[in-house]
Every structure is written in structure tokens, then in C-alpha cells.
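So the structure is just underneath, and the comments pick up after that.
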Amino acid sequence: MTYRGFSREQIASYIDHTVLKPAASAKDIEKAVEVALEANVAAVCFRPSDLTLAKQLLGDSALGLATVVGFPHGTNETAVKAFETKLAVAQGATEIDMVIHYGHLIEGLDAQVQGDIAAVVEAAQGALVKVILETSELTHDQIVRACELSRAAGAHYVKTSTGFASGGATPEIVKLMATTVPELGVKASGGIRTLDQLIDMVEAGATRVGASGTAAILQEFDAKSN
């Protein structure tokens, strides 16, 4: 069974199943892990305060356990981001989604932006680092520069959005990021709620997609596939 050339398993393999709402409860985390394990997604992405519970619920699963650093505005001091990262890894995180200080990027403080990312990469001790650019707040030239700085700092992925700003991912921006740093992964996030939106992002070059509505997306696949 496929839809637009993708199997259900392939669709799930792109998804970072995400719960980052401030008011999310322990039951929300438990349900999210249940959905993620059943679907066999790439990873779950939770708030730092959820890591211990999530690690326990995941058990010996091979699913990635991601958390956020400097979230959602990226304005923490670099030392704070590095500490957040070290603590997250100690609590079981295998992936770190960090927010750049995009105010510094807009000001042209490229060395500070690169150093901020590099400090998180070092603190991650080999864990995957995804750099959230908050693309809705940036020009195309600034997005290109942010991608290049992420690559120079040793990051593994560039990511469009936190989901807490004025806009989310678009295929156009995903394609720009993928062509700028083809050797890095690209994570599309923010506003991706339907199966077609997810596939549009993948076809534009996304290698991961952040989504909170994983169950609904896969139900849509079941209804549309043939």
C-alpha cells in the first residue's frame, strides 16, 4: 500500500513525533510514546523536563529521544545552552534540537552564532544536533548564512522552525536549506498537520519532519493509500 509513492513505514520513518506545549501532562507524554512506538517513527521530541519519564517509557527501543535547547527563542547564553545539552544527554537524550540566537544572526554576528552552535555540538558528546533557524523570521540570505554556519560548527541537521513563531516550514524554504547544505539533514517543522504537507516537505528535501499529529497523518495514509 502506497500513497504518492510512499509506504506507511516510509512516512513514519521521517517523523519526529513532538510534544512541546507548555501545558502538556505526563499522560500526554505516555500517549505520545505509545503512538511513536506503534508507528515506529524516527524519534520523539519532548521538553527537557520530560526526558526522564520518556527514557523510562521507551525502554530499550531504538527510537531517537530528542529534546530542545534554548527553546523557543534561542536567547540563552551559550554556557546555558551547553549546560542544558550536557544535562539532556545525561538524562538519555540522543538528539538535541537547539535554537540559534537569530537576533545575533540578523545583526551579522556570525562568529557568535557559529560559536553558540559549536558549543552545543561539543556538549552533545556525539548526540545528533539539529539547529533550529526560525526561518519565518529570516530573509533567504540569512537562512543560507545560518545553514553555512551550522555546517561549519559541526551540526548534523538544520531545522526550519520551533512552531512557536510567526510561521513554520514551507517547501520553498526546505528546498533552499537542502540545496545550501546537501551534506546535512534537513528537518521541516511548524504547521505540518496533513499527509500531503509531510510528503511535500520530503519531496522538497526534508529528511525529518516534526509533527504532533502523527496518528492523524497515518490514519490519513490508511484512508488514501492503495
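Quick note on my numbering: the sequence shown kicks off at 84 and runs consecutively.
All C-beta atoms in this analysis are idealised placements derived from N, C-alpha and C, irrespective of residue type, glycine included.
Just so it is clear, the structure is predicted and the values come from calculations on it, not from any experiment.
Please report the Cβ distance between Val212 and Val204, rounded to the nearest whole angstrom; I am assuming they are in contact, meaning their Cβ atoms lie under 8 Å. Counting from one through the sequence shown, the residue named residue 212 turns up at place 129. Counting from one through the sequence shown, the residue named residue 204 turns up at place 121. At roughly 5 Å, the Cβ-Cβ gap stays under 8 Å, so Val212 and Val204 are in contact.
Cα-Cα separation between Ile134 and Val257, rounded to whole angstroms: If you number the sequence shown from 1, residue 134 lands on position 51. If you number the sequence shown from 1, residue 257 lands on position 174. Here residue 134 is Leu; the residue named in the question, Ile, does not match the sequence. If you draw a straight line from the Cα of Leu134 to the Cα of Val257, it is about 28 Å long.
Reference Ala289; option with closest CA among Gly296, Val182, Glu303 and Lys270: Locating residue 289 in the sequence shown gives position 206, counting from the first residue. It is Lys270.
What are the start and end residues of the beta strand (DSSP E) that includes Asp66? Because residue 66 is not part of the residues shown, which for the chain are 84 to 309, the question remains open.
Quick one: complete alpha helix (DSSP H) runs, 4+ long, within the region 248-291? Qualifying alpha helix (DSSP H) stretches, in chain order: 254-263 and 278-287.
What does DSSP give as the partner residues of Asp99 in its beta bridges? As a first step, residue 99 must be located in the sequence shown, where it is residue number 16. In the DSSP output, where bridge partners are listed per residue, Asp99 has Ala126 and Gly293.
At least 3 beta-carbon pairs within less than 8 Å: the region 282-299 vs the region 134-144: Counting C-beta pairs closer than 8 Å gives fewer than three between the region 282-299 and the region 134-144, which falls short of the contact rule.
Go to Lys242, then tell me how far its beta strand (DSSP E) extends in each direction, as first and last residue. Looking up residue 242 in the sequence shown gives position 159. Note, Lys242: beta strand (DSSP E), Tyr240 to Lys242.
Taking the CB atoms as reference points, tell me whether Val182 and Gly153 lie closer together than 9 Å. Taking the sequence shown and counting its residues from 1, one reaches residue 182 at position 99. Taking the sequence shown and counting its residues from 1, one reaches residue 153 at position 70. Yes, they are a contact pair.
For the alpha helix (DSSP H) that contains Ala206, what are its first and last residues? Translated into positions along the sequence shown, residue 206 becomes position 123. That run of the alpha helix (DSSP H) goes Asp193 to Ala206.
In the DSSP assignment, the beta strand (DSSP E) including Lys213 goes from what residue to what residue? In the sequence shown, the residue the question calls residue 213 occupies position 130. Unbroken beta strand (DSSP E) run through Lys213: Leu211 to Ile215.
Beta-ladder partner(s) of Phe154, from DSSP: For the purposes of this step, residue 154 is identified with residue 71 of the sequence shown, where counting begins at 1. Beta-bridge pairing links Phe154 to no other residue.
Since Thr218 sits in a beta bridge, which residues does DSSP pair it with? Along the sequence shown, read from residue 1 onward, the residue named residue 218 stands at position 135. Per the DSSP secondary-structure output, Thr218 pairs with nothing in a beta bridge.
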